[in-house]
Structure formats: structure tokens, C-alpha cells
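In our numbering, the protein residues as written are 39 to 340.
Here's the structure, in C-alpha cells; my notes come after.
What follows is the structure in C-alpha cells.
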């Protein structure tokens, strides 16, 4: 339910400022109009921000998802990284203020990716002179439902959604204990429809060629075994391969291969001008005219 709130505001246009008047209309969260209006409002801001960063030769890429934004920079020196992020954050806050927007400093985070095997202790980023906080780098980073670690192994991501799936299976036992209950066929359908999409959320992040899959398949195999026991009402010491076969559950690695193939087919059906098409490897793309593009292509405009 959306509520209309009476508010007093005024509008700015260049040097013109309107008088204060009441506003009693709004666009509620979840409205189909909300992302369109957000994009129309934020695109000029992002364009100006990138132009400022380019003119000042600050090597930062900007990605925005409505009210969530990312500053991305690469360097072998933490001092260089922190200086880039500091000056970029300063430009960001000043521009947002001119656009009538504010940054929630309490939600600002910093995260470093690093594959070194030695001691990794990145310094904090002090944004207090800009009104922000002293940001301590996190060991894991959750963004838009995806959980990243510094080496991009995605162990924490798989563990989180595997545990969430097992909890969902435990909650579904309440349905089985109702007056009429549900039969194994209905349990199988519930598992395929509700539990598997949770367990395999974001599998495209870690399912790629030559990826180390042992840890992920072991965690997802536990989910599949719990589901098979629940579907059949079998004993906990029952052999895994047998109860999975009787329950009609294909091995999780084969299921992942099927979903991965369908995901690639879906991508191939996108129009040639789509942004994702420009990021696909030439070997997977039927259009030989597309090149492999770096991360900067997400923000560059022709």
C-alpha cells in the first residue's frame, strides 16, 4: 500500500527557484514508473560525474543500480587506490548536493579483491573530512544478493544460500504434517519450484570453465540429500544415490550444466546492441564483429 504524504517543496532550474507549495502525490516503491523516473533523473548526474573524473584524470569506473552505486578502481598501491576513492567520493557528494540528493554515509563500504596467498591487511579509508566514516575493508561483501570474498571463490555465497535452502526444507515439513498432507509428487514439485531457485541463486558467478567446483557441489549435494529424505520420508542413513534416484532428482552437477546451457541460450537471444552482448567472449558469441570489452565499457558512451 502506498501512502500520499503532504509535503512542502520548491524546484530549482538553473538560477530560477519556484515558490514553496504543497505536494501531495508520489510514486510508490515497486511502481513500474519508479525505475523509469530514476533513470531519467540519474543519467545526467552520472554523465557529469564521469566527465569530472575524466577531466581530473581520476581512474575510477562508475556503476549505478538505481540508488546503489559502485566506485571501481584498480591499482597495485593502496595509497593510490585510497586517494582516487577519496577524491572521487568528494566529487560525488558535491554533485549529489547540487542535484538535491544526499549520500547515506553509514551505508558506504569499501572492499578489496586480492588473490595473493600472503598476509593481506589493507589500510582503512578515512572519509571523515568529507562527512563520511572511517571505512574498514571487509572480508566479505554482499551486494544485490551476491556475496563476494577477496579471492572470488564464492564459498560464502554458496554456504549462505545452501543453508537458506535447508531451512526452507525444514519449514516445508509443517505442510506435510497438516490434516491432509502432501504426497511425494507434490513435495518434489515444491522442491523444484521453491528450494532449488534459492540454492542456485547467482550460480552463473561461480559456474564457469575450469572453475573449482568441489566445494560448491558438496554444499549443494547436502541440500539435495535433505530434499530427497523429505520427499520420500526415508531414514537419514539411507544411501544418497538411491533416494535421489527414487525421488526423481538428477545429480546437482548435471542440473547445473542444464541451467548453464539454458542461460547461454537466453544470452544468445539478446539483440546485438544489448550491453551484455559486448561482454561475452568471442568463442561464445555468434557475431564475430563483437570484441571482448573491459569493465570500462559498462560506463563509456559512444
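Quick reminder that beta carbons are idealized off the backbone N, C-alpha and C, glycines included.
Separation of residue j from residue i, as counted between CA atoms
| i | j | result |
| --- | --- | --- |
| residue 77 | residue 83 | 10 Å |
| residue 252 | residue 261 | 15 Å |
| residue 243 | residue 138 | 36 Å |
| residue 342 | residue 189 | With the chain covering 39 to 340 only, the question about residue 342 has no answer from this structure. |
| residue 37 | residue 131 | Given a span of 39 to 340 for the chain in the structure shown, any question on residue 37 remains unanswerable. |
| residue 169 | residue 250 | 43 Å |
| residue 147 | residue 213 | 41 Å |
| residue 85 | residue 141 | 18 Å |
| residue 80 | residue 118 | 28 Å |
| residue 202 | residue 287 | 19 Å |
| residue 59 | residue 50 | 13 Å |
| residue 155 | residue 191 | 13 Å |
| residue 180 | residue 109 | 15 Å |
| residue 135 | residue 99 | 21 Å |
| residue 274 | residue 193 | 26 Å |
| residue 133 | residue 210 | 50 Å |
| residue 335 | residue 292 | For residue 335, the predicted model reports a pLDDT of 47, less than 50, meaning its position is unreliable; a value from the coordinates is still stated below. Going by the C-alpha atoms only, they are around 34 Å apart. |
| residue 62 | residue 89 | 36 Å |
Whole-Å CB distance - residue i paired with residue j, under 8 Å assumed
| i | j | result |
| --- | --- | --- |
| residue 178 | residue 172 | Residue 178 to residue 172, Cβ: 19 Å. No contact. |
| residue 91 | residue 129 | 7 Å |
| residue 111 | residue 97 | 6 Å |
| residue 183 | residue 107 | No, residue 183 and residue 107 are not in contact; Cβ-Cβ is about 17 Å, not under 8 Å. |
| residue 237 | residue 197 | Going by Cβ atoms, the distance from residue 237 to residue 197 rounds to 11 Å, so no, they are not a contact pair. |
| residue 158 | residue 176 | Contact flag wrong, Cβ pair sits at about 12 Å. |
6 Å CB neighbourhood of residue i in its chain, flanking five on each side removed
| i | result |
| --- | --- |
| residue 195 | 185 |
| residue 151 | 188 |
| residue 160 | 116, 150 and 175 |
Buried versus exposed, by CB contacts within 10 Å (16 or more), residue i
| i | result |
| --- | --- |
| residue 52 | exposed |
| residue 233 | buried |
| residue 248 | exposed |
| residue 263 | buried |
| residue 254 | buried |
| residue 94 | exposed |
| residue 200 | buried |
| residue 87 | buried |
Same chain, Cβ closer than 8 Å to residue i, five either side skipped, listed in chain order
| i | result |
| --- | --- |
| residue 285 | 222, 226, 265, 266, 269 and 270 |
| residue 57 | 48 |
| residue 103 | 182 |
| residue 204 | 260, 261 and 264 |
| residue 207 | 229, 233, 261, 264, 265 and 268 |
7 Å Cβ shell around residue i - same chain, five flanking residues per side excluded
| i | result |
| --- | --- |
| residue 245 | 294 and 298 |
| residue 55 | 48 |
| residue 301 | 242 |
| residue 219 | none |
| residue 290 | 255, 258, 259 and 262 |
Is the segment 122-130 close to the segment 152-166, with three or more CB pairs under 8 Å? yes
With a cut-off of 8 Å, do at least 3 Cβ pairs link the segment 297-310 to the segment 274-283? No: fewer than three Cβ pairs fall under 8 Å.
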